[in-house]
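Comments concern the structure below.
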Amino acid sequence: MRTVLVTGLGGAGRTTVAAATALAGARGGARTLLISADATPGFPTDTEPTGVTDGLWSVRIDSGAHFRSELLTLQDKLSGVLDLLGGNRMDGEELTELPGSAELALLHSLRRAAQGDWSRAGYDLLVVDLPPLREALALLALPEQLRRYLRRLLPQERQAARALRPMLAQLAGVPMPAQWLYEAAARRDAELAGVQALIEDRATTLRLVAEPGPAAEDALHTARTGLALHGLRVDALVANRVLPRHSSDPWFAALSAQQDKCLDHWHEERPTEAPLLRLPHLGRDPQGPGDLTGLVDDTPALSPDSRGGGRAEDAWWIEEAGAPEGPDDADGILVWCLRLPGAVKKDLQLVRRGNELLLTVGPFHRIVPLESALRRCTVSGAALTDGVLRVRFTPDPALWPRTG
């Protein structure tokens, strides 16, 4: 399934571009599902897939309902503990969603579309209206982060056999974690793995939306680093609300000239695989499918291209400066490389902890598991040159098998 994740600067028209992208895909013959937390004028607001037009269905995320359902389910699981403590059960009507609920509800919707009940409809194209760019990058990194937390807090290999649990509890002097806790963690891990697989699939791309101007230029420049750090693939930069040129009004003419200057800069900087698309300003907010059809007619390239599936390659690669054949091979240096366009040295932090590499670049953070060969090496240096981070790993003689 082809997936397009639409994000961009706040107020730039992400929801409009997501709806137009979905409509373009449907008009191209793809069975298309649009997922959004925001209402689109003229589209249904149902929380289950509902037909919009031929080949296009839409669904609106209700984060409040999802939060209440999840919390009530957890309350039922903890009923024994609550009764022991004399706690009072909460009703769904008194629950209000907490910060972070919207992100979890969106991940839940992605899972349903990727491998849950919605996937059985056989959609060819999934278009998702994501939060603003900074929040979207954090959201897309969340499945990987949460799975790591689950592995650290409730490692499956430490799960004791059911028959041994009472005895181990007596020996340890503390109660063992309940079996349902491990089972729940395993279910959550499987669900998160499905979402992570969707995000990391070669057929999944980001579509960035921005209204041309100095603020957008600065934000996109910063975001380039975060996109590269997380290995996210961009299929297009959509310049939204582009004003007509040659206005007789000096004020509009100045705004148009400012946009043109920004667009020229984007055109020069953009990667060859991420074309720059321009959507005209309608003079008002889009009112429904009719206005969206006009945008699609003006910009046929909104229809997503076709891409093969399968896990995308990692964003990093390893260069060999002489393969480490053994502890006496002084030249067996391995160089771990990651492209970080826009990164500057003062904003970069790098920590090796066990079998992981902790990377922080400005506001962006990622923990990367090391390859098997690198785990038997020590970090001997790092450098950021020409937008590429290179970390040198020297073989540890104590960890490499001796030959001869």
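Each residue of the sequence shown is one higher than the one before, starting from 3 at the first, in the numbering used here.
Here a beta-carbon is modelled for each residue, glycine too, at the ideal position from N, C-alpha and C.
Values in this document were obtained by computation on a predicted structure and should not be read as measured data.
Helix, strand or coil at residue i according to DSSP, with G and I counted as helix
i, result
"proline 216", "helix"
"serine 1", "Outside the shown range of the chain, which is 3 to 406, sits residue 1, and nothing can be said about it."
"tyrosine 346", "Tyrosine is not the amino acid found at residue 346; the sequence shown has valine there. Valine 346 falls in the coil class under three-state DSSP."
"proline 43", "coil"
"alanine 241", "strand"
"leucine 209", "Residue identity check: residue 209 is arginine in the sequence provided, not leucine. Looking at arginine 209 - three-state DSSP - the assignment turns out to be strand."
"tryptophan 402", "coil"
"isoleucine 201", "helix"
"aspartate 64", "coil"
"threonine 387", "strand"
"alanine 230", "helix"
"glycine 356", "coil"
"threonine 49", "coil"
"glutamate 105", "helix"
"leucine 25", "helix"
"glutamate 322", "strand"
"serine 38", "strand"
"proline 397", "strand"
"histidine 367", "strand"
"methionine 169", "For methionine 169, the predicted model reports a pLDDT of 46, less than 50, meaning its position is unreliable; a value from the coordinates is still stated below. In the structure shown, methionine 169 sits in a helix (DSSP, three-state: H, G or I)."
"threonine 98", "coil"
"leucine 11", "coil"
"arginine 16", "helix"
"leucine 112", "helix"
"arginine 33", "coil"
"proline 247", "One detail in the question is off: residue 247 reads as arginine in this sequence, not proline. Here arginine 247 sits in coil by DSSP."
"arginine 341", "strand"
"arginine 235", "coil"
"leucine 222", "helix"
"arginine 392", "strand"
"leucine 183", "helix"
"leucine 372", "coil"
Residue j beta carbon less than 7 Å from that of residue i
i, j, result
"glycine 233", "alanine 317", "yes"
"arginine 4", "proline 306", "yes"
"valine 6", "threonine 17", "no"
"glycine 57", "alanine 28", "yes"
"leucine 418", "alanine 115", "Residue 418 lies beyond the residue range present for the chain, which begins at 3 and ends at 406; the question has no answer from this structure."
"serine 60", "alanine 104", "no"
"tryptophan 402", "arginine 377", "no"
"threonine 387", "isoleucine 335", "no"
"alanine 238", "leucine 279", "yes"
"proline 43", "glycine 290", "yes"
"threonine 9", "leucine 132", "yes"
"tyrosine 125", "arginine 189", "no"
"glycine 94", "leucine 74", "yes"
"threonine 368", "leucine 361", "The sequence given here places arginine at residue 368; threonine does not occur at that position. Taking 7 Å as the Cβ cut-off, arginine 368 and leucine 361 qualify as a contacting pair."
"glycine 311", "alanine 205", "yes"
"leucine 135", "alanine 225", "yes"
"proline 149", "aspartate 191", "Contrary to the premise, residue 149 reads as arginine rather than proline in this sequence. A contact, by the Cβ cut-off of 7 Å."
"leucine 152", "alanine 187", "yes"
"alanine 400", "valine 393", "no"
"leucine 11", "alanine 218", "yes"
Presumed contact (8 Å Cβ cut-off) between residue i and residue j, rounded CB distance
i, j, result
"arginine 243", "leucine 281", "7 Å"
"proline 302", "cysteine 264", "Contact flag wrong, Cβ pair sits at about 23 Å."
"leucine 284", "aspartate 293", "6 Å"
"arginine 313", "glutamate 202", "6 Å"
"leucine 222", "leucine 210", "7 Å"
"alanine 212", "alanine 241", "6 Å"
"valine 370", "leucine 359", "5 Å"
"leucine 350", "valine 337", "Not confirmed; about 16 Å, so no contact."
"cysteine 339", "leucine 391", "7 Å"
"serine 258", "serine 250", "About 11 Å separates the two Cβ atoms, so there is no contact after all."
"alanine 236", "leucine 229", "Inspection of the sequence shows that residue 236 is occupied by valine rather than by alanine. With 8 Å as the limit, valine 236 and leucine 229 qualify as a contact, their Cβ atoms being about 6 Å apart."
"glutamine 77", "arginine 62", "Contact flag wrong, Cβ pair sits at about 26 Å."
"leucine 25", "threonine 295", "7 Å"
Hey, which unbroken runs of the alpha helix (DSSP H) at 4 residues or more fall wholly within the segment 262-310?
-> 291-300
Mind the definition here: the segment 339-355 touches the segment 67-84 only if three or more C-beta pairs lie below 8 Å; say whether that holds.
-> no
So, do the segment 150-158 and the segment 37-44 have three or more beta carbon pairs nearer to each other than 8 Å?
-> no
Taking 8 Å as the threshold, find out whether the segment 108-124 comes into contact with the segment 195-211 through three or more Cβ pairs.
-> yes
Enumerate, from N- to C-terminal direction, the unbroken beta strand (DSSP E) stretches of 3 or more residues contained entirely within the segment 115-157.
-> Fully enclosed beta strand (DSSP E) runs of 3 or longer: 127-131.
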